[in-house]
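Engineer: So for the sequence shown, this note's numbering puts the first residue at 182; every next one is plus one.
For glycine and all other residues, C-beta sits at the position ideal for the given N, C-alpha and C.
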Amino acid sequence: MTRRVVIVGNGMAGARLAEELRRRERDPERLEVVVFGAEPRAAYNRILLSNVLAGSITARDTRLRPDDWWGRNHVDVRTGVRVTGIDTAARIVRSDDGAVLGYDELVLATGSVPFVPRIEGMAPHDGRVVAFRTVEDCERIAAAARQGCRAVVLGGGLLGLEAARGLLQRGVDVTVVHPRSVPMERQLDVGGGRVLVRILDGLGVRMLLERRAVALQDRPAGRTLLLDDGTALPADLVVLTAGIRPATDLALAAGISVEQGVVVDDALRASAPHVWAIGECAQHRGEVYGLVQPGWEQAAVVADRITAADSDAEYHGTPALTRLKAHDIDLASMGDVTADLHDEDCDVLVLADPSRGRYAKLVVADDRIVGAVLLGCPDTVGTVTQLFDSELPVPQDRMALLTGRGATAVASVSPAGMPGGAVICRCNSVTKSSLTTAWRAGARSVAALATATRATTGCGGCGSAVEGICEWLRTTDPQHEHEETNIQPARKEGAA
Ligand SMILES: Cc1cc2nc3c(=O)[nH]c(=O)nc-3n(C[C@H](O)[C@H](O)[C@H](O)COP(=O)(O)OP(=O)(O)OC[C@H]3O[C@@H](n4cnc5c(N)ncnc54)[C@H](O)[C@@H]3O)c2cc1C
């Protein structure tokens, strides 16, 4: 008998779930997978939109799979179709193309919607006020962002700063307005935040902190954004990056339990039978994530459960790891970075060279890295990230980690010691074993590996790690090592 899984949302979590399901159950006669996606295109890597805005890649480069992959792998993707209602008792969904479809299992992966702050005189989406979430938003921003245009970005979080940097690259005059005293306050402490402001200033991005926009006015001199301290900013374009809200309307209307997001348990089950939720729309143990990695890990758990590949699979949370993808700014933040030098529960190491735009902070507890800020320290990011991800003990000389000398001291994060499943390129989800496979298929340089796997083509932060793996493959007998340590196949390879 064929079971049908319906996934609502063809974004990063929904598309990943379709792949994970097909990887575990290839037979469409046994498992039918239907994905509804309100956006008018096939699934794409949303995190690469900052690069699209900056003009370094095109929207087409962000596709998660070639156009025909989904059909070839028996995934029924209904692009441009929005699910409008769920009947959890009858187990059916209704969509805006008039279809009514039954399901055995329903997975909500509806993501988030941009938060639109209340500002007098501002009508969102009037062409000159644009949120930054989709390919279409990117196109709208690019269309408005002509040379010499004056743009105001509302919100100095990760998204706002990436948008600001991208606009600057298009020759736009950019001001970022942020209500807090430091930008990216969820990822940065005060020291790191201040260094980041100096870097942005040096690049030409004006940061106005501790201020809010209150009104948008059409004046004879042009559009003007008024701030709460009386400042009047020319605003030919307003980019909204003031936060996101989980897209929960559909779940709410169906009587499914919603707090901030759709409430799920450790199995990712929502309150109604046969309904699950993953990605940014889900609330797990009180946490709603705004990053892609949790959604991908959740997709694997739900796929395990639905296909009974592992009926006891559980999700227990994902430590936060964020990388700013902006030209000329190298910033990685992970874990909890709020501890200060005198905290008694952990050791805090800080190295700062503000005028050179460098700031590094490590928070260590029980000999493990529990938090880090690495700004302007590209040589340290790979090693620190691997130690943080794998929860391996830090080396004796912890300061060496901050100066970039630590990599050689940590055998476990050298390519030979890494498990095959270690994610090297987070933007494109490329593991060590994907790189090894590509190498064996003939990609014998960093550029060739980039073409084959897309590693390094996102934020570029994994460049030195890919180079290291390339060098290691060149100088060792990888076949032998691969057999010994290559624990699992690359997740991304799925059901190709
Ligand atoms: C510019 C940008 C840069 C980012 N950079 C990073 C980064 O560096 N690192 C990181 O970890 N994260 C980053 N993020 C966040 C990351 O993209 C999200 O965490 C991720 O996309 C969440 O996946 P999701 O599937 O839950 O939601 P989404 O990818 O938003 O997908 C949800 C999909 O569901 C669709 N949908 C909603 N309701 C319905 C319905 N009723 N019927 C049908 N379809 C529906 C939506 O149209 C959407 O396509 C970035 C986001 C943006 C916008």
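#1: Verify whether the separation of the beta carbon atoms of L556 and R539 is less than 8 Å.
#2: Residues bridged to M388 by DSSP?
#3: Which residue from T561, P576, V371 puts its Cα closest to that of V545?
#4: Give me the Cα-Cα distance between L472 and A413, rounded to the nearest whole angstrom.
#5: Please classify E220 as buried or exposed, where buried requires at least 16 other C-beta atoms within 10 Å of its C-beta.
#6: In terms of residue numbering, what span does the alpha helix (DSSP H) encompassing V647 cover?
#7: Check C319 in the structure and name its three-state DSSP category.
#8: If I follow the unbroken beta strand (DSSP E) through D268, where does it start and stop?
#9: Since V444 and L287 should fall inside the 8 Å C-beta cutoff, what is the C-beta to C-beta distance between them, to a whole number of angstroms?
#10: Taking 7 Å as the cut-off, is the C-beta of T291 nearer than that to any heavy atom in ligand 1?
#11: Among L543, L449, L408, V647, whose alpha-carbon lies nearest the alpha-carbon of P596?
#12: What does the alpha-carbon distance come out to for the pair A290 and M182?
#13: Does the pairing of the segment 454-462 with the segment 290-308 give three or more beta-carbon distances under 8 Å?
#14: Measuring from the CB of K506, is there a heavy atom of ligand 1 at a distance below 7 Å?
#15: L543 and R579 - do their beta-carbons sit closer together than 8 Å?
#16: Could you check what DSSP says for V378 in three-state terms: helix, strand or coil?
#17: If you compare alpha carbons, which of S610, C643, A280, L630 is closest to R680?
#18: A219 bridges to which residues according to DSSP?
#19: With contact counted as at least three CB pairs below 8 Å, one residue from each stretch, are the segment 548-564 and the segment 518-535 in contact?
#20: Output the distance between the C-alpha atoms of L630 and R197, rounded to the nearest integer angstrom.
#21: Are the beta-carbon atoms belonging to V357 and V334 less than 8 Å from one another?
#22: Buried or exposed for G195, please, with buried defined as at least 16 other CB atoms from any protein chain shown within 10 angstroms of its CB.
#23: Between the alpha carbons of I487 and A463, how many angstroms are there, rounded?
#24: Would you say the beta carbon of E220 comes nearer than 7 Å to a heavy atom of ligand 1?
#25: Give the secondary structure of T499 by DSSP, where H, G and I count as helix, E and B as strand, and everything else as coil.
#26: Residue range of the beta strand (DSSP E) that L678 falls in?
#27: May I ask you to list the residues that DSSP assigns as paired with M515?
#28: Contact defined as beta carbons within less than 8 Å: I believe G302 pairs with G329. What is the distance between those atoms, to the nearest angstrom?
#29: Let's test the definition: count the other Cβ atoms within 10 Å of the Cβ of P518 and tell me whether it reaches 16, buried, or not, exposed.
#30: Anyone know if the C-beta pair for D560 and S614 falls short of 8 Å?
#31: Given a cut-off of 8 Å on the beta-carbon distance, is the pair T612 and G598 in contact?
#32: Measuring only the C-alpha atoms, how far is R275 from I425?
#33: R207 to W477, Cα distance in whole Å?
#34: At a threshold of 7 Å, does R299 count as lining ligand 1 (C-beta to nearest heavy atom)?
Structural biologist: According to the structure data:
#1: yes
#2: V357
#3: P576
#4: 34 Å
#5: buried
#6: 644-656
#7: helix
#8: 264-268
#9: About 15 Å; that fails the 8 Å criterion.
#10: yes
#11: V647
#12: 26 Å
#13: yes
#14: yes
#15: yes
#16: helix
#17: Beyond the ends of the chain as shown, which are 182 and 677, falls residue 680; an answer cannot be given.
#18: Partner(s): none; A219 has no beta bridge.
#19: yes
#20: 22 Å
#21: yes
#22: buried
#23: 17 Å
#24: yes
#25: coil
#26: With the chain running from 182 to 677 in the structure shown, residue 678 is simply not present.
#27: L502, A553
#28: The Cβ separation is near 24 Å, so there is no contact.
#29: Per the sequence presented here, residue 518 reads as Val, with Pro not at that position. Buried, since its Cβ has 16 or more Cβ neighbours within 10 Å.
#30: no
#31: no
#32: 26 Å
#33: 19 Å
#34: no
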